[in-house]
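Everything on this sheet refers to the single structure shown next.
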Amino acid sequence: MVLKHVAKPFRTGFASYQAALLRRPLTVQLSSGTALVLLGDFIAQKLIERKPDYDWKRASVMVALRGIFHSGAIIAWYRFLNTRLAMPNATRSRRMFTHLFLDQAFFGPSNVIFFFVASGILEGKSKDQISEKLQDRGLATVASAWCVWVPFQAIMFRFVPAADQRLILGQTLAIGWNGYMSYANANRSKALQVRKGGQTPMVQLHT
2 MVLKHVAKPF RTGFASYQAA LLRRPLTVQL SSGTALVLLG DFIAQKLIER
52 KPDYDWKRAS VMVALRGIFH SGAIIAWYRF LNTRLAMPNA TRSRRMFTHL
102 FLDQAFFGPS NVIFFFVASG ILEGKSKDQI SEKLQDRGLA TVASAWCVWV
152 PFQAIMFRFV PAADQRLILG QTLAIGWNGY MSYANANRSK ALQVRKGGQT
202 PMVQLHT
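According to my numbering, the sequence shown is numbered sequentially starting from 2.
Pasting the structure below:
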């Protein structure tokens, strides 16, 4: 009985979200994605790094790249997989493995590369600084992404056929992932600045 009362607000909230999604799908998806990105960045800045002052410039970069652009790209990607690459005659397992391979071999790594390049441009970094950041963090970030997203997406592609449901579940998991991306990008930028000044960086990011 207690569990039923506890779960009721979540069911009501999800039903309201589904109703809003039917009325304005793109607006709701982008808005929810942006809000969850902000939450992830806040967790990274305040709870992990314990920054005394909130870095709004850093947050705005995360909103632009992970909230707006990435959410829009994810929406288009899921629609492509569900329509252009629906594979109606394939078995569920074959369809799942095909979608998972394309998602994690091409879409995921390209998003990591885009994030580091675009964030560097928005932060006013030079071409050499962006290239060094990619060489230093690119492969490690993709490897970390595979550890998180390969098992999650395997479950999504196998058991959650609706693209909008995949999106909200993915955005929820991405609270932690976006916090990691924000932390990785910010601390790597600091390390590059210190190294350029001829000093040994004090902050080392381990995955």
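All C-beta atoms, glycine included, are put in the ideal place defined by N, C-alpha and C. Quick caveat: nothing in here was measured; it's all calculated off a predicted structure.
Buried or exposed: where does residue i fall if 16 or more other Cβ atoms within 10 Å of its Cβ makes it buried?
i    : result
S17  : exposed
Q200 : Because the pLDDT at Q200 is just 44, under 50, the model does not fix this residue reliably, and the point stays unresolved.
N90  : exposed
M88  : exposed
Y79  : buried
F107 : exposed
L168 : buried
D42  : buried
D104 : buried
L82  : buried
H163 : Note that residue 163 is Ala in the sequence shown here, rather than His. A163 is exposed by the Cβ-count criterion.
I156 : exposed
I75  : buried
K126 : buried
V204 : A caution first: V204 carries a pLDDT of 33, below 50, which makes its placement in the model too unreliable to give a value.
Using only alpha-carbon positions, find the residue among the options that is nearest to residue i.
i    : options                   : result
F116 : R59, K47, F153 and T92    : R59
C148 : I69, G109 and V38         : G109
G1   : Y181, D137 and L174       : The requested residue 1 is not part of the displayed model; the chain covers only 2 to 208.
Y181 : I75, R138 and R159        : R138
R93  : R85, R24, G177 and V161   : V161
Q154 : A187, I122 and F102       : F102
W178 : I156, A163, D165 and A144 : A144
M63  : M97, K52, D104 and E124   : E124
S111 : I122, A146 and K128       : A146
G171 : R25, R85, Y55 and L31     : L31
V151 : H71, L86 and H100         : H100
H1   : V113, T84 and M97         : In this structure the chain extends from 2 to 208, so residue 1 is not present and cannot be described.
So residue i and residue j are supposed to be a Cβ contact under 8 Å. How far apart are they, rounded?
i   : j    : result
V29 : A21  : 5 Å
L40 : I176 : 5 Å
G68 : V38  : 4 Å
P26 : D165 : 7 Å
Short of 8 Å in beta carbon distance, which residues of its chain neighbour residue i, apart from the five on each side in sequence? Order them along the chain.
i    : result
Y184 : A45, I49, E50 and L206
K47  : Y55
K52  : Q46
R95  : M88
I131 : F117, V118, G121 and I122
R159 : R93, S94 and M97
Take residue i and list the residues in its own chain whose beta-carbon comes closer than 7 Å to its own, dropping the five residues that flank it on each side.
i    : result
A119 : L66
Establish whether the CB of residue i and some CB of chain D are separated by less than 7 Å.
i    : result
S183 : Among the chains in the structure shown there is no chain D, since it carries only a single protein chain.
Taking 6 Å as the limit between beta carbons, can you name the residues of its chain near residue i, skipping five residues before and five after?
i    : result
N186 : S120
L293 : This structure cannot settle anything about residue 293, because the visible part of the chain is limited to 2 through 208.
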